[in-house]
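Residue numbers (my numbering), protein chains in the order written: chain A, 77 to 407; chain B, 2 to 273; chain C, 96 to 380. Yeah, the Cβ is synthetic: ideal placement off N, Cα and C, and Gly gets one too. To keep things clear, I will list the structure first and then write my remarks on it.
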Amino acid sequence: MAEGTAPAPPIRVDAISRRFGRTLALDGVSFEVRDREFFALLGPNGAGKTTLLHILCTVLRPDSGQALIRGLDVVRQPLAARRLLGIVFQEASLDDRLTVRENLDLHGLVFGVPGALRRRRIDEMLALVELTAWADRTTRTLSSGMKRRLEIARALIHDSEILLLDEPTAGLDAQSRERIWSYIRRLRGERHITVLVTTHYIEEVEGCDRVCIVDRGRVLALDAPETLKRTHGGQMLRIVPRGDDDRRAILGRFADRLKGEAGDAILLASDDAFVEAFLADCGRRIRSMTVEIPSLETVFLTLTGRALRDQSAGESERTRAFGRRGGEHTR
Amino acid sequence: MPMLRRLAGNLGGLAVVVGLMLMVTLLPPDTSLREVRASGALRACIPTTYPPLVTGEADRPGIDVELLRGVADRIGVGLLVSPIDAMGRDFNPRHWAINRGTCQVLAGGVVDSTLTRSFLDTGPPYAETGWAIIAARPLADIHGLTLGVLTNISGLDRIGLSGYLRRESVTIRVTRSGAELVGGITGGAFDGGITEALLAGQLAADHGLWVASLPEALARHHLVLGLWKGDITLKRAIARAFGAMEADGTLAAILARYGLRTLGTETPGPAL
Amino acid sequence: MTAAAPTPSLAPVSRRSPVLVQLGGLYGLWLREVKRAVRDRGQLVGGFSRPILWVLILGIGLNPYFRGEVYGEVTFVVPFTYLQFIFPAVVALNIMYTSVQSAISVIWDREFGFLREVLVSPLSRSTVLLGKVLGGATVAMAHGSLVLVLARFADVPLTWGTVAKALGVMAMLALALTSLGIVIANRIRSFEGFGVFSNAVILPLYFTSSSIFPLDPALTRAQTRVVYPDWLVTLVEYNPLTYAVDTLRGVLIHYNQFDPRLGLLIMAVAGIVLFTIALLDFRRA
């Protein structure tokens, strides 16, 4: 889109709801992503992020509400909307019998990228995700991190100006995760592109322009990470009491400051003065105490009343998926 | 050359498979040729006489016998001919009592028709035949005549012939041999006689009769050597021998000796 | 590189006409099927071993029982050797296996995400399906042609004309069967492996298609039902593959048990109907 034509926003979501059986996966979700923004959807597994993404990439219809990609309705103009989208799904969607280059070439053909441009873009994108040396290897020989990088490269072969990434770093080791974020950062410097990413790794969204926190199908907050921390965050005390008596005493005394309980620990809203007062008062009743400075973690806790659910379940889910994929070799 | 290498990588498996299959086709599919070689002779069943295919004369034994000799020579074995009396007398091949033990090849009037193929496989064609008519003097029309019919060549379409003759209101007299047919014509019992074209030609030449082929509506067939079904290796050896005889002119020479020409070069004779 | 000025190759793709995009995508999907098949060693082994087993082992093994022993006595009514008789059917068998196998890969595409990648592309569902069907049919035809390599061995003389006509019939058969495979695959939610298909669909269709024993055309219907039990004749007559095999047999060895046009008609109608059903399923999915 050329500058100055007052383009429609890359993504606009208007009161979208979607129900699966008795579960309300999305409950009137609305937001707008600005041009060239790095936008993160943060929420625990099952918050409705993937459902929302599937609606945005036109494979799922909303029950009500409207989703627009550059003003194109995803239900009524899906083909036109798809041309603008580069999508990386949570589950791998590569053809594992084709080579890296063949996968990219097929994508280019399917999206109608002319031959010469296609070849040039393939080379560029392979260089971007550092897979040039692997170009003629069969995809099934790649590690899961490399596959994810390949999928990112693939999403950029055509004229995608909106990149949708569904949990791009899930199931990857820390090094691969960092690499993927660095590619995305570099890409934003080189190409006119808007990025929407879903994740449940809280530390990964710190670098985003804006974060949208979703839980149970609703938007809880939407703002820049710093603003979120300022408004919803706040210092917190993480206390582990010595015994049950001590726990009861602390809970009884600071009920108004209670932010939540996580295992043995009790979380209390805090500030510098409170820390001193608390230590003077209950210093002998605690086994350990941590002062938590404002972070998205505390923001999330404040908004939802609990920590990001079962982070490890995501991992085991991926393992199961991988096991299922292992069945492929028995075909 | 990376493209070539990629192509080779992609099509390598396919090429191996095709190669293996081509190698398989070189395996002999049966034992028929091996048996012939082991016994040192090609055994053939022929009628006692069926001019010009089989004459019974030592110096001019007939087209089929000479062809068989050529084939046996080229396979590198001798020829063992068993004249089967019944072949000239009876048109039902079942009564000839020929089996795989008696001979490997049948000759002397085997035509390539669906009927033949139900029982036998065939070698390459070398001449064409069909039904022909002979008479003491030229006939313009056979309507309502009394004709002798000799049908001991089993592969030709007898049902088609009898249908045709019935439509022409011909009175049919079945005969059992060439001599009987010619006797009937020269004796005046028949207005003419119908039999297989080569035999008709020979009889006409021998007895100074008029000869013509019957209408195209009655299918014409190729003369062939008969083989047992499933004897593919022997069939291939015979086909090779025929190819060689055609190439060096032996085939044309044999046919010419009996007044015939090779397939595709014949001049059409008179037709009714 | 400043943020505002993208590199030249990142400039927008000049808009190709939608027809060209669909055609390009069709080619891409077709090429994918072909490449996958060429790299699938298992499928190649099957394409090789089936004709070898059927033509070489079964054909040669049974040949002595079907060859004439006494001139004039009929044990096998067809004017061909057994090997020649089953040869066209083995071509059909190889096409059948490969078509259904290719079509079944729709299940894998669905399970392992590749289908999703195509479904979020600008290709219409019918293009996606057509690419799959054409690709599968091409591979199936190639496997059918593998059998033709054995023609000399089976004593089936082939001319270029015969081969061209046979390829035409094979293409129709492959298209119809691939569509059938996709219709089945669309209805399957859990996949237990290809063996189920082979035993439940392919082999029953094959064995009841008059592929390994003839219904003698010289016999009347009543007579046929004397030679074979009623139910078997009925099965053979109601099996559409019977007519396809018959047409192919007519082309390859010039022997027909039925009107060869019937086979062409059945293949064309079945192909169109099955493709339409597959497309409707696909649109709904």
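So what's residue i in DSSP terms, helix, strand or just coil?
i        : result
B/Arg44  : strand
C/Phe292 : helix
A/Leu344 : strand
C/Tyr166 : coil
A/Thr274 : strand
B/His144 : coil
A/Asp149 : strand
B/Gln105 : coil
A/Val241 : Correcting the residue type first, residue 241 of chain A is Leu in the shown sequence and not Val. Three-state result, A/Leu241: strand.
A/Arg88  : strand
B/Pro100 : The sequence shown places Asn at residue 100 of chain B, rather than the Pro named in the question. In this structure, B/Asn100 counts as strand in the three-state DSSP scheme.
A/Gln142 : strand
B/Val82  : strand
A/Arg67  : Residue coverage of chain A in this structure runs from 77 to 407, which leaves residue 67 of chain A outside it and unanswerable.
B/Val111 : strand
A/Arg262 : helix
C/Ile202 : helix
Please tell me whether residue i has its Cβ less than 8 Å away from any Cβ of chain C.
i        : result
B/Leu200 : no
B/Phe243 : no
A/Glu167 : yes
B/Asp113 : no
B/Asp158 : no
B/Pro30  : yes
A/Arg262 : no
A/Gly147 : no
Taking Cβ positions only, does residue i come closer than 8 Å to chain A?
i        : result
C/Lys227 : no
C/Arg127 : yes
C/Ser216 : yes
C/Leu374 : no
Taking CB distances under 8 Å as the criterion, tell me whether residue i reaches chain B.
i        : result
C/Phe161 : yes
C/Leu272 : no
C/Ile190 : no
C/Val346 : no
C/Val244 : yes
C/Tyr166 : yes
C/Val234 : no
If distances are taken between C-alpha atoms only, which option among the options comes closest to residue i?
i        : options                                : result
A/Arg95  : A/Gly122, A/Pro86, A/Glu108, A/Arg88   : A/Gly122
A/Arg197 : A/Arg230, A/Arg225, A/Arg224           : A/Arg230
C/Ala132 : C/Thr233, C/Ile348, C/Gly276, C/Ala295 : C/Thr233
C/Gly141 : C/Ser194, C/Gly366, C/Phe161, C/Trp326 : C/Ser194
A/Glu352 : A/Thr366, A/Ile342, A/Gly339, A/Asp340 : A/Thr366
C/Leu272 : C/Tyr301, C/Pro183, C/Tyr166, C/Ile152 : C/Tyr301
B/Val55  : B/Leu69, B/Ala42, B/Leu43              : B/Leu69
A/Leu248 : A/Tyr277, A/Ser236, A/Ile233           : A/Tyr277
C/Leu347 : C/Asp250, C/Pro324, C/Leu330           : C/Asp250
C/Leu310 : C/Leu298, C/Pro299, C/Ile297, C/Pro324 : C/Pro324
C/His349 : C/Ser293, C/Pro252, C/Phe370           : C/Pro252
B/Asp207 : B/Thr251, B/Gly265, B/Tyr259           : B/Tyr259
Just list the residues that DSSP pairs residue i with in beta bridges.
i        : result
A/Met365 : A/Ile315
B/Gly193 : B/Leu148
C/Gln196 : None, per the DSSP bridge assignment.
B/Tyr51  : B/Val55
A/Phe115 : A/Leu272, A/Arg286
A/Glu337 : A/Ile342
C/Ala261 : Answer is none; C/Ala261 lacks a bridge partner.
B/Leu228 : B/Val106, B/Asp122
A/Leu102 : A/Arg94
A/Asp299 : A/Val287
C/Gly239 : Paired residues: none, contrary to the question.
A/Arg294 : A/Asp291
A/Phe107 : A/Val89
B/His223 : B/Glu129
B/Ala272 : B/Ser214
Mind pulling the chain F residues with CB within less than 8 Å of residue i?
i        : result
C/Leu139 : Going by chain labels, chain F is absent from the structure shown, which instead holds the protein chains A, B and C.
Which parts of the segment 182-234 of chain A are runs of the beta strand (DSSP E), unbroken and 3 residues or longer, counting only runs that do not cross its ends?
none
Please go through the segment 312-375 of chain C and give each complete alpha helix (DSSP H) segment of 4 or more residues, from N-terminal end onward.
316-322, 325-333, 335-348
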